[in-house]
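S.K.: Each residue of the sequence shown is one higher than the last, beginning at 4 in my numbering.
Glycine included, each C-beta is placed from N, C-alpha and C at the ideal position.
Structure incoming, see below.
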Amino acid sequence: MQTHLADFIRDTPDGREAETILRKCVHCGFCTATCPTYQLLGDELDGPRGRIYLIKQVLEGQPATGKTRLHLDRCLSCRACETTCPSGVEYGHLLDIGRRVVDAQVPRSGADALKRATLREVLPRSTLFGAALGLGRRFRPLLPKPLADKVSPAEPAGPWPAPRHARRMIALAGCVQPSLRPSINAATARLLDTLGISLVEMATAGCCGALRFHLDDQDGGRDDARRNIDAWWPEIEAGRVEAIVVTASGCGVQVRDYGHLLKDDSRYAARAARVSALARDVAEVLGAEAARLKPLLASRATGRPRRRIAFHAPCSLQHGLKIRGVAEDLLVAAGFELVPVRDGHLCCGSAGTYSLLQPEISARLRDAKLDALQAGGAECIASANIGCIAHLAGGAHVPLRHWVELLWADENVT
Numbered sequence: 004m005q006t007h008l009a010d011f012i013r014d015t016p017d018g019r020e021a022e023t024i025l026r027k028c029v030h031c032g033f034c035t036a037t038c039p040t041y042q043l044l045g046d047e048l049d050g051p052r053g054r055i056y057l058i059k060q061v062l063e064g065q066p067a068t069g070k071t072r073l074h075l076d077r078c079l080s081c082r083a084c085e086t087t088c089p090s091g092v093e094y095g096h097l098l099d100i101g102r103r104v105v106d107a108q109v110p111r112s113g114a115d116a117l118k119r120a121t122l123r124e125v126l127p128r129s130t131l132f133g134a135a136l137g138l139g140r141r142f143r144p145l146l147p148k149p150l151a152d153k154v155s156p157a158e159p160a161g162p163w164p165a166p167r168h169a170r171r172m173i174a175l176a177g178c179v180q181p182s183l184r185p186s187i188n189a190a191t192a193r194l195l196d197t198l199g200i201s202l203v204e205m206a207t208a209g210c211c212g213a214l215r216f217h218l219d220d221q222d223g224g225r226d227d228a229r230r231n232i233d234a235w236w237p238e239i240e241a242g243r244v245e246a247i248v249v250t251a252s253g254c255g256v257q258v259r260d261y262g263h264l265l266k267d268d269s270r271y272a273a274r275a276a277r278v279s280a281l282a283r284d285v286a287e288v289l290g291a292e293a294a295r296l297k298p299l300l301a302s303r304a305t306g307r308p309r310r311r312i313a314f315h316a317p318c319s320l321q322h323g324l325k326i327r328g329v330a331e332d333l334l335v336a337a338g339f340e341l342v343p344v345r346d347g348h349l350c351c352g353s354a355g356t357y358s359l360l361q362p363e364i365s366a367r368l369r370d371a372k373l374d375a376l377q378a379g380g381a382e383c384i385a386s387a388n389i390g391c392i393a394h395l396a397g398g399a400h401v402p403l404r405h406w407v408e409l410l411w412a413d414e415n416v417t
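Okay, here's the thing in structure tokens:
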């Protein structure tokens, strides 16, 4: 694709990156076949190719409009288009650049601006979010149904083994997961402890930065990344940790991207690249230990009924991190029967805060995903991202769990 970028961006880091990405696009349209919003709305501008054209026009000097922003807002950032693109177009990075420019040209106002500002300030702060969630649980019957569906009952985390092994890894606690499902990281810690690996969290780390970054505050998202790097760096620099383990695949995509996000920051670029290299989804960590882990899982499964489960692969796992089949393989080794799930490549509609900002589209995607997940008679749905779990749970007829919780469940976990 030929480009003629405008002076305001041509010789900037964003401009050079955008031009490289745009020149890879050959207009083939393969991406539209796997785009959830294009499938629903049937509008070329609500598919990746159309959005690429919109971003290109703005970067070439055509003023952005509210319509431009609407079509970019409707994108789920699921990156399914990147999986199917034969030219390797890094659509996600181009979208980030385009959204920043469009937001600057068409500032938000009114209820839209207020909602995004509230989400930006509350969700990334785990203490504040935990307090809000506690109130939501107390007054759940009074909440509007779309919001009440997202308020899950409180659950105990379960024991977390004290550090005792020479092998050591850091866990990202995140922002909403400690309040919504503290059991996820605790189950991961117990499982890794059995494999001779101690899992620890750093108290001063927090939100991965994805929430702020995708809510019109890219600078704030980068600040979150810097804070986490500072929290983890003493352990990394001393050589005391093998990996940074992320149990929410959506956060994993963001942490894996720290090197890219901070590449132009002279103080943090090298450290950010090192953190990105150390970042591992829990599936990668456990997959690397499969030879030792599978016999343990098979032993625990002996005598248990073979439960039928459906696995929902989050977009962030299969398209963002490009991890496929690892969790499913380990679940089968643990004695579960995986039912087939049609259209497994399509998004469930969660997409961070998308379900709150684009509720109608999100609800349609959720309902379609739940139909596919529950069609095979599964007793439980397993996933790999807290956002997807919370989103799907609001309309599901069966329990939803993180797949590691099922893999290393106590007898009373359902």
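Excluding five sequence neighbours on each side, which residues of the same chain lie with their C-beta closer than 8 angstroms to the C-beta of L409?
M.R.: I312, L334, A337, F339, C383, A385, V416
S.K.: Quick one: what's got a C-beta closer than 7 angstroms to R119's C-beta in the same chain, skipping five residues either side?
M.R.: R111, L218, D219
S.K.: Taking just the CA atoms, how far does H263 sit from R274?
M.R.: Each residue's Cα considered, the two are about 11 angstroms apart.
S.K.: Helix or strand or just coil, what does DSSP make of R277?
M.R.: Helix at R277.
S.K.: In this structure, does DSSP put N415 in helix, strand or coil?
M.R.: In this prediction, N415 scores a pLDDT of 35, lower than 50, which makes its location untrustworthy; the coordinate-derived value is nonetheless stated afterwards. Note: N415 maps to coil in three-state DSSP.
S.K.: Can V249 and A282 be called in contact, C-beta distance under 8 angstroms?
M.R.: yes
S.K.: Could you check which residue in A206, L341, I389 has the C-alpha nearest to that of P237?
M.R.: A206
S.K.: From the DSSP output, read off the bridge partner residues of E124.
M.R.: None; E124 has no bridge partner.
S.K.: Where does D425 fall in DSSP's three states?
M.R.: Since the first residue shown for the chain is 4 and the last is 417, residue 425 is missing from the structure and cannot be characterised.
S.K.: Quick check: the Cα distance between E414 and G91, rounded to an integer number of angstroms?
M.R.: At E414 the pLDDT is 43, less than 50, meaning the model places this residue with poor confidence and gives no usable figure here.
S.K.: Is D374 helix, strand or coil when you go by DSSP?
M.R.: helix
S.K.: Which same chain residues, not among the five before or five after G255, have their C-beta less than 7 angstroms away from its C-beta?
M.R.: V249, A282, D284, S319, L324
S.K.: Our contact map puts D393 next to K148 with C-beta atoms below 8 angstroms; I'd like the distance itself, whole angstroms only.
M.R.: Asp is not the amino acid found at residue 393; the sequence shown has Ala there. Not confirmed; about 15 angstroms, so no contact.
S.K.: By the DSSP assignment, the beta strand (DSSP E) with R404 in it spans what residues?
M.R.: Counting along the chain, the beta strand (DSSP E) containing R404 begins and ends at 403 to 405.
S.K.: Nearest to L126 by alpha carbon, out of L341, E47, F216?
M.R.: F216
S.K.: Answer with buried or exposed for H405, where buried requires no fewer than 16 other C-beta atoms within 10 angstroms of its C-beta.
M.R.: Buried, since its Cβ has 16 or more Cβ neighbours within 10 Å.
S.K.: Tell me the DSSP secondary structure of R82 in three-state form.
M.R.: Coil, per DSSP.
S.K.: Would you kindly work out how many angstroms separate the C-alpha atoms of R52 and E93, rounded to a whole number?
M.R.: 12 angstroms
S.K.: Please go through the stretch 302 to 343 and give each complete beta strand (DSSP E) segment of 3 or more residues, from N-terminal end onward.
M.R.: 311 to 314
S.K.: On a CA-only basis, which of C351, V344, N388 is nearest A381? Give me that one, please.
M.R.: Checking every option, the nearest Cα to that of A381 belongs to V344.
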